[in-house]
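Read in order, the letters of the sequence shown are residues 6 to 216 in this note's numbering.
We put the CB at the ideal spot given by N, CA and C, even for glycine.
Here's the structure, in structure tokens; my notes come after.
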Amino acid sequence: MNILSVNDPAFKKYGRIVNNVNFIDLVEALKKTPVPEGVAYEPCVAELEALPVMQELSDITYGGMPIQIGYCNGHNNKLNALEYHRDSEINVAATDAILMLGMLQDVEADYTYDTSKVEAFLVPAGTAVEVYATTLHYAPCGVEGNGFQVAIVLPKGTNYPLNTFHPRAEGTVTDNEDCLITAVNKWLIGHAEGGLDEGSFLGLKGANLEI
Numbered sequence: 006m007n008i009l010s011v012n013d014p015a016f017k018k019y020g021r022i023v024n025n026v027n028f029i030d031l032v033e034a035l036k037k038t039p040v041p042e043g044v045a046y047e048p049c050v051a052e053l054e055a056l057p058v059m060q061e062l063s064d065i066t067y068g069g070m071p072i073q074i075g076y077c078n079g080h081n082n083k084l085n086a087l088e089y090h091r092d093s094e095i096n097v098a099a100t101d102a103i104l105m106l107g108m109l110q111d112v113e114a115d116y117t118y119d120t121s122k123v124e125a126f127l128v129p130a131g132t133a134v135e136v137y138a139t140t141l142h143y144a145p146c147g148v149e150g151n152g153f154q155v156a157i158v159l160p161k162g163t164n165y166p167l168n169t170f171h172p173r174a175e176g177t178v179t180d181n182e183d184c185l186i187t188a189v190n191k192w193l194i195g196h197a198e199g200g201l202d203e204g205s206f207l208g209l210k211g212a213n214l215e216i
């Protein structure tokens, strides 16, 4: 598929480049984190959160909200799913990485989504982008088969297991947006070929896109 740069005007509806925060130490620390053959996501990593950028991101980017810094590292070349949150997500690339993105506004009334609407964007190493709350996204992809290392910044608690009393945690089937909730502040639409956990809502229509 066609891959644009995050500097391309087409990216503006999905997010923006974050250029008012110093990410140098975070990128260097991220380079020391493991890169598995598959994809590994850690919502918070103590070594990353101990850096001065933790407070800087909380103050400047999230307006004083408590946040968490983790990573998504590994090897990937497929879409597999799309998710969204009720807030922006900051991605900081220590390596070149590709994001496949869509618009929440294009999700149908039955919570399905046509993957032909997805666009791909290259995030160069050392670049940080804000992915808006209205942007569908999932695990990054590597470039030319290489691994990727991307720091993931979100409000504290995001992507953690649901409270045991939450209807979805109890396995209750719903016919509204709750059918997409798979974790705290995480709504997910999966692809039938995405290898997701049983019970995930498989609403992606069309090809499981590959880079």
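Original post:
Does the distance from the CB of Gly130 to the CB of Ala99 come in under 8 Å?
Top reply: To locate residue 130, count along the sequence shown from 1; it is residue 125. To locate residue 99, count along the sequence shown from 1; it is residue 94. Going by the sequence as given, residue 130 is Ala instead of Gly. Against a cut-off of 8 Å, the Cβ pair of Ala99 and Ala130 comes out as a contact.
Subject >> Selected residue, minimal CA-CA separation from Leu209, among Ile216, Ile65, Ala197 >> reply: By one-based count along the sequence shown, residue 209 stands at place 204. Leu209 has its Cα closest to that of Ala197, out of Ile216, Ile65, Ala197.
Original post:
Closest by CA to Glu94, which one among Phe126, Ala86, Ala138, Asn85?
Top reply: In the sequence shown, residue 94 corresponds to position 89, counting from 1. Residue Ala138 is the option with its Cα nearest to Glu94.
Original post:
Unbroken beta strand (DSSP E) runs of length 3 or more, entirely within the stretch 32 to 102: which are they?
Top reply: Within the stretch 32 to 102, the complete beta strand (DSSP E) runs of at least 3 residues are 44 to 47, 72 to 79, 86 to 89, 94 to 98.
Original post:
Cβ atoms of Val11 and Ile22: under 8 Å apart, would you say?
Top reply: Walking along the sequence shown from the start, residue 22 turns up at place 17. Walking along the sequence shown from the start, residue 11 turns up at place 6. Annotated as proximal: Ile22 and Val11, with beta-carbon spacing under 8 Å.
**OP:** Mind checking which residues open and close the beta strand (DSSP E) that includes Gly195?
**Re:** Numbered from its first residue, the sequence shown carries residue 195 at position 190. In the DSSP assignment, Gly195 falls within the beta strand (DSSP E) that extends over 191 to 195.
Original post:
Which residues mark the beginning and the end of the beta strand (DSSP E) in which Val136 is found?
Top reply: For this step, residue 136 is matched to residue 131 along the sequence shown. Secondary structure note for Val136: its beta strand (DSSP E) is the uninterrupted segment 133 to 136.
**OP:** Along the beta strand (DSSP E) that carries Phe126, what are the first and last residues, could you check?
**Re:** Locating residue 126 in the sequence shown gives position 121, counting from the first residue. 124 to 128 is the extent of the beta strand (DSSP E) around Phe126.
**OP:** Compare the Cα-Cα distances from Leu217 to each of Val97, Ile65, Lys122, Pro48 and report the closest residue.
**Re:** No answer is possible for residue 217: it lies beyond the span of the chain, which begins at 6 and ends at 216.
Original post:
Which partner residues of Thr140 appear in the DSSP bridge assignment?
Top reply: What you label residue 140 is simply residue 135 of the sequence shown in a count that begins at 1. BP columns for Thr140 point to Met108.
Subject >> Limits of the unbroken beta strand (DSSP E) element including Ile8 >> reply: To locate residue 8, count along the sequence shown from 1; it is residue 3. In this chain, the beta strand (DSSP E) harbouring Ile8 covers 8 to 10.
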